[in-house]
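Number of protein chains: 2
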Amino acid sequence: MPLEIRPSQALRLWRQVHLDLVRDGEPDLSARQTAILLTVYLELPPHTVRGLAKQLGVTKPVITRALDTLGKLGLLTRKRDEEDRRNVVIQRTVAGALAVERLGDLVTEHAKEIGAG
Amino acid sequence: MPLEIRPSQALRLWRQVHLDLVRDGEPDLSARQTAILLTVYLELPPHTVRGLAKQLGVTKPVITRALDTLGKLGLLTRKRDEEDRRNVVIQRTVAGALAVERLGDLVTEHAKEIGAG
DNA sequence: CCCGATCGTTACGGGTCCGTATCATTATCG
DNA sequence: CGATAATGATACGGACCCGTAACGATCGGG
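Protein chains in written order, with our numbering: chain A, 85 to 201; chain B, 85 to 201.
Next comes the structure, spelled out in structure tokens:
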């Protein structure tokens with residue numbers, strides 16, 4: 085069941101959501117941070133630094149730094165993997181789940197407003 | 085004619101597009117830069133620094149800096165308004181129009197892939 | 001055991017962006 | 001004219017992120 089949307093509608097949707105994200109005053113997430121956050125919350129665990137780096141096509145320090153920032157914002161946490169202590173497992177948080185849910189609602193609401201463009 | 089989309093679908097769409105934007109290697113635009121770019125290309129001219137600042141709810145230096153960057157990327161240009169030389173008019177470019185069109189296609193393609201989530 | 005491989009982190013130099021304050025230029029109006 | 005207002009740009013100190021390279025900790029095979 086594909087989602088029906090035309091490029092002109094997609095662009096209006098993209099603009100409206102970004103306008104809201106800018107206007108709400110909270111710190112904007114970069115594209116990389118957004119991709120990481122949504123991957124952790126939408127894909128099945130476990131999530132590791134290396135795995136995220138591979139999925140995004142970026143280097144590991146990029147992931148480490150993004151996790152520092154997202155962790156500081158309370159949107160996710162890190163935990164040592166006790167089975168293989170070299171690994172770090174990225175875990176979800178309540179605040180992160182709420183933020184992701186808000187984003188989903190935001191996109192959905194703006195989609196509703198967009199008529200035949 | 086509202087666009088039908090559920091939050092879970094919206095989130096998967098948001099993730100997929102951001103993954104592509106990260107992976108394509110080109111410099112990521114910030115949320116502010118994206119909002120400015122799409123406003124210039126979707127809303128009727130003329131566009132001024134002050135007008136954009138008001139629409140985004142940010143200060144004028146934020147717009148000036150974003151225009152510096154977007155201009156350096158060739159996505160838009162500035163021109164003095166000859167009728168009131170205090171104003172600067174932001175204009176579209178061919179490269180910018182192509183980039184916006186690509187974004188619209190990107191969102192549309194991923195929307196097609198998203199089934200009943 | 002020990003050596004190599006793997007994991008995530010840190011260090012470094014450079015670039016970009018932030019918010020606030022200030023600036024030069026131009027227009028407006030008494 | 002001259003004073004005031006408005007516009008966009010610039011200066012500044014601080015924060016964040018980048019890519020590359022190196023690092024310490026941990027695992028695993030000979």
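C-beta atoms are modelled at their ideal positions from N, C-alpha and C, and glycine is treated no differently.
Sub-8 angstroms separation of residue i and residue j beta-carbons
i: B:Leu213; j: A:Arg99; result: Chain B is shown only over 85 to 201; residue 213 of chain B falls outside these bounds and no answer can be derived.
i: A:Ala94; j: B:Thr192; result: yes
i: B:Leu160; j: B:Thr177; result: yes
i: B:Leu157; j: B:Ile147; result: no
i: B:Leu128; j: B:His194; result: no
i: A:Leu114; j: B:Ser114; result: Position check: residue 114 of chain A holds Ser in this sequence, whereas Leu was assumed. Yes. Within cutoff.
Where residue i sits in the DSSP three-state scheme
i: B:Arg96; result: helix
i: A:Val172; result: strand
i: B:Thr143; result: coil
i: A:Leu160; result: strand
i: B:His131; result: coil
i: B:Gly109; result: coil
i: B:Arg149; result: helix
i: A:Asp165; result: coil
i: A:Ile120; result: helix
i: A:Leu87; result: coil
Distance between residue j and residue i (C-alpha atoms, nearest Å)
i: B:Glu88; j: A:Val133; result: 35 angstroms
i: A:Asp165; j: B:Arg107; result: 28 angstroms
i: A:Gly188; j: A:Val124; result: 15 angstroms
i: B:Glu185; j: A:Glu110; result: 28 angstroms
i: A:Val173; j: B:Val172; result: 50 angstroms
i: B:Leu121; j: B:Ala183; result: 10 angstroms
i: B:Ile198; j: B:Leu190; result: 13 angstroms
i: B:Arg169; j: B:Val101; result: 40 angstroms
i: A:Arg149; j: B:Ala181; result: 33 angstroms
i: B:Arg162; j: B:Gly155; result: 8 angstroms
i: B:Glu167; j: B:Gly141; result: 26 angstroms
i: A:Arg90; j: B:Lys196; result: 10 angstroms
i: A:Gln139; j: A:Gln175; result: 17 angstroms
Enclosing alpha helix (DSSP H) for residue i [first to last residue]
i: A:Leu182; result: 178–197
Rounded distance between the beta-carbons of residue j and residue i, thought under 8 angstroms
i: A:Asp112; j: B:Arg116; result: 7 angstroms
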